[in-house]
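> Numbering (my numbering), first residue to last: 5 to 154.
Before I ask anything, let me first share the structure, which is written out below as C-alpha cells.
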C-alpha cells in the first residue's frame with residue numbers, strides 16, 4: 005500500500021501546470037513561448053508598464069510585498085497576471101520574488117484589438133515619445149476605404 009501512495013504522490017509532483025496569459029489579442033504561456041512582436045509595436049526601452057504573472061491567485065501578503073517594493077497594480081489579466089507599473093531598475097528585484105512566475109514588457113502590440121488584424125490597408129502615423137522624439141506607428145483608426153456611392 006505504501007508503494008502505491010508514493011507512486012501517486014510522485015505523479016502529482018511531476019505535473020507541470022500551464023498558466024497562459026489571456027489578452028484580447030493573444031494567449032500565451034510566457035514560460036513556454038513569448039509572442040513574436042513586430043519591432044515597431046514593441047515597448048520602448050524605458051518602459052515602466054509590465055505584465056507580472058504570479059504563481060497563483062494573489063494573496064494579501066504578496067500584494068503588500070509588491071506595494072512595499074513600489075509596484076502599482078492596474079488590472080488583473082487571466083491567468084494570475086497583472087498589468088503593473090514598476091520602475092525599470094527594480095525589475096530584477098521583483099523577478100526574484102519566490103511568488104513571481106514571470107515579468108515582461110507590456111507591448112503596444114497587446115493593445116491592438118483583434119478586429120484590427122483584418123484591416124489590410126493601414127496608414128502609418130507618428131507620435132511624440134516621452135523624450136520628445138518621433139516614432140512612426142501604424143494607425144489602426146485610419147482605414148483606406150473606397151468612396152461610398154449613394
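Just so it is clear, CB atoms sit at the ideal spot from N, CA and C, and this is done for glycine as well.
If you count every other CB in all the chains shown that lies within 10 Å of the CB of residue 93, and 16 or more means buried, which is it?
Burial call: exposed.
> Provide the residue span of the alpha helix (DSSP H) that contains residue 81, from first to last.
It is not in any alpha helix (DSSP H) - residue 81 instead sits in the beta strand (DSSP E) that spans 76–81.
> Just curious, the alpha helix (DSSP H) that residue 70 is in, first and last residue?
Run containing residue 70: 64–72, per the alpha helix (DSSP H) assignment.
> Taking the alpha-carbon positions, what's the residue 19 to residue 60 distance?
Annotation note: pLDDT 46 at residue 19 (below 50); position unreliable, coordinate value reported separately. Approximately 15 Å, taken between the alpha carbons.
> Which of the three DSSP states is assigned to residue 23 in this structure?
Of the three classes helix, strand and coil, the one that applies to residue 23 here is coil, per DSSP.
> Leaving out the 5 sequence neighbours to the left and right, which residues in its chain are closer than 6 Å to residue 56 when beta-carbon positions are compared?
Within the same chain, residue 56 has close Cβ partners 86, 88, 107.
> Measure the C-alpha to C-alpha separation of residue 35 and residue 24 and round it to an integer number of angstroms.
Approximately 9 Å between the Cα atoms of the pair.
> When you compare only the Cα positions, how much space is there between residue 119 and residue 112?
In a straight line, the C-alpha of residue 119 is about 15 Å away from that of residue 112.
> Hey, would you say residue 103 sits closer than 9 Å to residue 69, going by beta carbons?
Their beta carbons are under 9 Å apart, which means residue 103 touches residue 69 by this criterion.
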